[in-house]
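Asks:
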Amino acid sequence: MNDTRRKAIAAHLEALSELRSRLESFRDELDDLRTEESDAFEAMPESLQASERGQASEEAASKLEDASSELDDAISAIESAESGLEDAQA
1443 MNDTRRKAIA AHLEALSELR SRLESFRDEL DDLRTEESDA FEAMPESLQA
1493 SERGQASEEA ASKLEDASSE LDDAISAIES AESGLEDAQA
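As structure tokens, this is what we get:
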């Protein structure tokens, strides 16, 4: 592989690394929000948990968990792409 292509791959690796880092930060923020929402739901009296408001809180926590899981999948895909580019660069 010539130097020009190696440099292009290195630039793409750097961009992927930055993207992965941003996604990890975003996922961590969503996890914090999910924890806060779950804690708020658990702190509600049972009668309020069964209410529309309680159910909305529980659903929000579930959706935040789903989003976090999807971000985990995206992060894994980026890590796989990084590995492939590193192998191609060698």
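Numbering-wise, our numbering puts 1468 at position 26 of the sequence shown, and it's gapless, one number per residue. C-beta: ideal position from N, C-alpha, C; glycine also. In this text the structure is predicted, and so the values were computed from the model without any measurement.
1. Go through its chain and collect everything with a Cβ distance to M1486's Cβ below 6 Å, but skip five positions before and after it.
2. Residue range of the alpha helix (DSSP H) that S1467 falls in?
3. Tell me the rounded alpha-carbon separation between E1456 and E1524.
4. Grab the span of the alpha helix (DSSP H) containing A1509 for me, first residue to last.
5. What residue from A1509, E1479, F1468, L1458 has the CA that sits closest to I1520's CA?
6. Between R1469, A1450, D1445, K1449, which has its C-alpha nearest D1515's C-alpha?
7. Of all the options S1504, E1488, L1461, Q1531, which has the alpha carbon lying nearest to the alpha carbon of E1478?
8. If you count every other CB in all the chains shown that lies within 10 Å of the CB of S1463, and 16 or more means buried, which is it?
Replies: Let me spell this out:
1. By 1-based counting over the sequence shown, the position of residue 1486 is 44. Around M1486: G1496.
2. Position 25 of the sequence shown holds residue 1467. Note, S1467: alpha helix (DSSP H), 1445-1485.
3. Numbered from its first residue, the sequence shown carries residue 1456 at position 14. Numbered from its first residue, the sequence shown carries residue 1524 at position 82. Roughly 9 Å between the two C-alpha positions.
4. Residue numbering aside, residue 1509 sits at position 67 when the sequence shown is read from its first letter. Per DSSP, A1509 belongs to the alpha helix (DSSP H) from 1494-1531.
5. Here residue 1520 refers to the residue found at position 78 when the sequence shown is read from its first residue. Nearest option by C-alpha distance: L1458.
6. Counting from 1 along the sequence shown, the entry for residue 1515 is found at position 73. With distances taken between Cα atoms, D1515 lies closest to R1469.
7. Position 36 of the sequence shown, counted from the first residue, corresponds to residue 1478. The shortest Cα separation from E1478 among S1504, E1488, L1461, Q1531 belongs to S1504.
8. On the sequence shown, position 21 is the one that residue 1463 refers to. Burial call: exposed.
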